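First up is the structure itself, then whatever we jot down about it.
Number of protein chains: 2
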Amino acid sequence: MLYPALIKHFSSCRKVAVEEKMNGYNVRVALIKGEIVVMTRGGFICPYTTEKAKDLINRDLFRDHPDLVLCGEMVGPDSPYVPKTFYNIGSLDFFVFDVREKNSGNPMPVNERRRLMDEYGIKSVHLFGEFDVSEAHTSIIDIIKSFGDTLREGVVIKDPAMLLPAVKYTSSLSNCQDLRYAFEFYNDFGRDFFFGRVCREAFQSVEWDEDEESARKRCQKLGESILLPMISTIKKIKAGEQIAENVQIRVKNLNTVSEFEEYLRLLGVDAVFEIPEKIGDEYLVRIKKIHQSTNDKTQTILGGQMWS
Amino acid sequence: MLYPALIKHFSSCRKVAVEEKMNGYNVRVALIKGEIVVMTRGGFICPYTTEKAKDLINRDLFRDHPDLVLCGEMVGPDSPYVPKTFYNIGSLDFFVFDVREKNSGNPMPVNERRRLMDEYGIKSVHLFGEFDVSEAHTSIIDIIKSFGDTLREGVVIKDPAMLLPAVKYTSSLSNCQDLRYAFEFYNDFGRDFFFGRVCREAFQSVEWDEDEESARKRCQKLGESILLPMISTIKKIKAGEQIAENVQIRVKNLNTVSEFEEYLRLLGVDAVFEIPEKIGDEYLVRIKKIHQSTNDKTQTILGGQMWS
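Sequences listed follow chains A and B, in order. Reading the first sequence from the start, the letters are residues 1 to 308 in the numbering used here. Reading the second sequence from the start, the letters are residues 1001 to 1308 in the numbering used here.
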């Protein structure tokens, strides 16, 4: 459905810019009262991501442009929200995908934004190129297919002048990966994650004009993404384990750990922090995020409660 | 999870009665102002099912027991709600699974109810037997497995005295069949049908202690039950077809057709009735039920609308 969507959505553009959609967590970075501050979704200031950003982002940018807000993806294994190892990032890295003016919210055109980030040595998400609107869909499908078995998530398609909202297009693999995560904690996330992602799979199968064998493989992968993590969760709980999501953070300053612990508590996240382990000049802290609803539901069903 | 569920739920019983859960639609039949009347779920009087019931149910029962309400399943191909051919029923048949007293709602014990129905030549759902509570789970799993590739739905497990609520246990095949139906009309039914049925599959896999190969087969079937009907729906709509559910009714009296048409309109069901076809002393009427939401959603996505 990509072709009609692009034609319809970008009717006022000649070209579109295609950038990578990375799999991490979305943050906004700005200067507030002279300090670099990082907000996660919902507008909360995350003390952990703020510490990391201070190391990753060249402060000169904000000295010269105090009114800019950097929107980007925090990616890597030391992520308390979306830990991913497949990008070959050591701890946590930051990739800008959007720059806006603080109060107006006005966006910077794609190329100007990328040039500015380069100037200050700040990374941008990968740019695959600019394509004519009427031909972009074939290039995008090639890009997505070139991801192959890597877990790269997809692309974001943009008006180079940033006057129109961006459009996202994701790979089936990343779609199924999301489902796998959601169904490991099925009673916490399963319901919300499910419907849109399943529908995308069906439309993509038709869009790509799959033969029966490819469609059946897609079904197998979809079924496995949903059922296998749930089965594994049920077995673990049956064996007396508690289901938890294991994440980790890596900090220079131990104060950040207690601030982050307090922050998660305020967000209502049930998390158990292990004792910090000193590695080089940093501390690695392993965190267990407990998804209580899945633990509780599974236990009551195993105990003979009816599904309801 | 059947064993702990039965032990917990039927703690006050020595035995349970296991009857078949048939795949049709659930109705209640009673005498109202001297007339046999059939209510479907929600308490609406269905003119079509009422005409059929008058043929199927021996009126003498209500002459002798005017205060009874028969709860049963309407099953067969001439069903405007849940048409099924696999029971080898010619048109539509009625199977009692519960009998209650009109105002009190008091139920009749299982054996007494079955004897009474036999007396008046009214069919009951199949009784697999009575089993000790602590051993019923193995018999029930054998029964479910003996269904094999037939589409029989499952069993209902009852306190023989009917003092406790009944418990249902369904087969994976029938579970997947429901999903297949729901995802053919995905935007009308997909969301509601999905979650409970998927979770049942995962728990059953653990309950039956499946090896990896069986679990993968279950995933394949689940994935196919969800994705293949959606893909087929999208392709049909792409080819210009309208998605509809084809059902049929068979009546003696043409008035019933117009009454039923009016009834569906009142329920908000969008249906197109074909011209009645005379077969023997009856009329067969084919009906297309239009599931508008799936048609509309698919068309807008095919037309380039973003998923939202």
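For each residue, glycine too, the CB sits at the ideal point set by N, CA and C. Small disclaimer: the values here were computed from a predicted structure and weren't measured.
Which listed residue (the options) has its alpha carbon closest to that of residue i
i, options, result
"Ser171 of chain A", "A:Ala202, A:Phe183, A:Ser258", "A:Ala202"
"Glu51 of chain A", "A:Lys15, A:Glu277, A:Thr294, A:Phe260", "A:Phe260"
"Tyr1003 of chain B", "B:Glu1207, B:Gly1105, B:Val1037, B:Lys1158", "B:Glu1207"
"Pro109 of chain A", "A:Pro165, A:His137, A:Leu92, A:Asn175", "A:Pro165"
"Arg114 of chain A", "A:Gly304, A:Leu70, A:Ile144", "A:Leu70"
"Arg1286 of chain B", "B:Gly1072, B:Val1269, B:Pro1276, B:Ser1293", "B:Pro1276"
"Arg191 of chain A", "A:Thr294, A:Thr85, A:Asp64", "A:Thr294"
"Val272 of chain A", "A:Arg200, A:Val247, A:Leu6", "A:Val247"
"Gly1304 of chain B", "B:Leu1284, B:Ala1017, B:Lys1084, B:Lys1238", "B:Lys1238"
"Gly1072 of chain B", "B:Val1125, B:Leu1302, B:Gly1223, B:Phe1062", "B:Val1125"
"Val1018 of chain B", "B:Ala1053, B:Lys1221, B:Ile1231, B:Asn1111", "B:Asn1111"
"Leu1163 of chain B", "B:Asp1118, B:His1009, B:Val1037", "B:His1009"
"Arg1041 of chain B", "B:Lys1297, B:Val1027, B:Gln1220, B:Gly1034", "B:Val1027"
"Gly223 of chain A", "A:Leu254, A:Val133, A:Gln177, A:Glu35", "A:Gln177"
"Tyr1169 of chain B", "B:Phe1062, B:Asn1175, B:Val1156", "B:Val1156"
"Gly1090 of chain B", "B:Pro1077, B:Arg1100, B:Lys1102, B:Val1099", "B:Pro1077"
"Phe193 of chain A", "A:Lys15, A:Glu35, A:Ile226, A:Asp149", "A:Ile226"
"Glu35 of chain A", "A:Cys219, A:Gln220, A:Leu61, A:Phe131", "A:Leu61"
"Asp1188 of chain B", "B:Gly1148, B:Gln1292, B:His1065, B:Leu1302", "B:Gln1292"
"Glu241 of chain A", "A:Asp296, A:Glu212, A:Ser214, A:Arg197", "A:Asp296"
"Ser1139 of chain B", "B:Leu1127, B:Val1198, B:Thr1150", "B:Leu1127"
"Arg1063 of chain B", "B:Ala1030, B:Ala1053, B:Ser1079", "B:Ala1030"
"Ile1301 of chain B", "A:Ile141, A:Gly196, A:Thr150, A:Leu151", "A:Gly196"
"Pro1066 of chain B", "B:Lys1158, B:Lys1102, B:Cys1013, B:Arg1200", "B:Lys1102"
"Leu1284 of chain B", "B:Tyr1181, B:Leu1092, B:Leu1006", "B:Leu1092"
Cβ shell of residue i (< 6 Å), same chain only, five flanking positions each side left out
i, result
"Lys1252 of chain B", "Glu1282"
"Tyr25 of chain A", "Met74, Tyr81, Val82"
"Pro310 of chain A", "Only positions 1 to 308 of chain A appear in the structure, and residue 310 of chain A is not among them; the question remains open."
"Glu184 of chain A", "Pro229, Thr233"
"Leu1056 of chain B", "Phe1094"
"Tyr87 of chain A", "Val75"
"Lys123 of chain A", "Phe95"
"Arg1 of chain A", "Correcting the residue identity first, residue 1 of chain A is Met in this sequence and not Arg. If we look at Met1 of chain A and ignore the five residues flanking it on each side, its Cβ neighbours are Phe203, Glu207."
"Met1117 of chain B", "Val1096, Ser1124"
"Asn23 of chain A", "Lys84, Glu153"
"Glu1245 of chain B", "Lys1289"
Counted within 10 angstroms of its Cβ, other Cβ atoms place residue i as buried (16 or more) or exposed
i, result
"Thr233 of chain A", "buried"
"Ile32 of chain A", "exposed"
"Lys278 of chain A", "exposed"
"Glu20 of chain A", "buried"
"Ser146 of chain A", "exposed"
"Leu1386 of chain B", "As shown, chain B starts at 1001 and ends at 1308. That puts residue 1386 of chain B outside it, with no answer to give."
"Ala1136 of chain B", "buried"
"Thr1085 of chain B", "exposed"
"Asn1175 of chain B", "buried"
"Phe325 of chain A", "Since the first and last residues shown for chain A are 1 and 308, residue 325 of chain A lies out of range."
"Arg218 of chain A", "buried"
"Leu179 of chain A", "buried"
"Thr298 of chain A", "buried"
"Ser205 of chain A", "buried"
"Ser1104 of chain B", "exposed"
"Ser1214 of chain B", "exposed"
"Leu254 of chain A", "exposed"
"Thr1079 of chain B", "Residue 1079 of chain B is actually Ser in this sequence, not Thr. Under this definition Ser1079 of chain B is a buried residue."
"Arg265 of chain A", "exposed"
Same chain only: Cβ atoms within 7 Å of residue i, ignoring 5 sequence neighbours per side
i, result
"Gly1121 of chain B", "Asn1058"
"Lys236 of chain A", "Ile243"
"Thr49 of chain A", "Val27, Val38, Thr40, Met74"
"Lys15 of chain A", "Glu130, Phe131, Asp132, Val133, Pro160"
"Ala1053 of chain B", "Val1029, Ile1036, Val1038, Phe1094"
Per-residue contacts from residue i into chain C (C-beta, under 9 Å)
i, result
"Gln220 of chain A", "Any reference to chain C falls outside this structure, whose protein chains are A and B."
Close beta carbons around residue i, own chain, < 8 Å, minus the five adjacent residues each side
i, result
"Val269 of chain A", "Lys289"
"Val99 of chain A", "Leu68, Val69, Leu70, Cys71, Pro107, Met108, Arg113, Leu116, Met117"
"Ile1143 of chain B", "Val1018, Phe1128, Val1155"
"Trp1307 of chain B", "Ile1301"
Below 8 Å between beta carbons is the criterion; list the residues of the stretch 1188-1209 of chain B that meet it against any residue of chain A, in chain order.
Contacts with chain A (Cβ-Cβ distance below 8 Å) from the stretch 1188-1209 of chain B involve Gly1190, Arg1191, Phe1194, Phe1195, Gly1196, Val1198, Cys1199, Arg1200, Glu1201, Ala1202, Phe1203, Ser1205, Val1206, listed in chain order.
Listed from N- to C-terminal order along the chain, which residues in the stretch 1006-1021 of chain B have their beta-carbon within a distance smaller than 9 Å of any beta-carbon of chain A?
Leu1006, Ile1007, Lys1008, His1009
In chain order, what are the residue ranges of uninterrupted beta strand (DSSP E) at least 3 long that sit wholly in the stretch 243-301 of chain A?
244-251, 271-273, 277-279, 282-290
Taking Cβ-Cβ distances below 7 Å as the criterion, which residues of the stretch 112-135 of chain A are in contact with chain B?
So nothing in the stretch comes that close.
Of the residues that make up the stretch 1295-1307 of chain B, which ones have a beta carbon closer than 9 Å to any beta carbon in chain A?
Lys1297, Thr1298, Ile1301, Leu1302, Gly1303, Gly1304, Gln1305, Met1306, Trp1307
Could you tell me which uninterrupted alpha helix (DSSP H) segments, each at least 4 residues in length, are contained entirely in the stretch 1154-1235 of chain B, listed from first to last along the chain?
Whole alpha helix (DSSP H) segments, 4+ residues: 1172-1184, 1191-1207.
Mind pulling the beta strand (DSSP E) runs of 3 or more residues that sit fully within the stretch 1003-1086 of chain B?
1015-1021, 1025-1032, 1035-1040, 1068-1075
List in chain order: all unbroken beta strand (DSSP E) runs of 3+ residues lying wholly within the stretch 1077-1149 of chain B.
Entirely contained in the stretch 1077-1149 of chain B, the beta strand (DSSP E) runs reaching 3 residues are, in chain order, 1093-1101, 1127-1132.
Using Cβ-Cβ distances below 8 Å, what residues of the stretch 156-177 of chain A are close to chain B?
For the stretch 156-177 of chain A, which is checked against every Cβ of chain B, the residues closer than 8 Å are Val167.
What residues in the stretch 1225-1236 of chain B have a beta carbon less than 7 Å from any beta carbon of chain A?
Ile1226, Leu1227, Leu1228, Met1230, Ile1231, Ile1234, Lys1235
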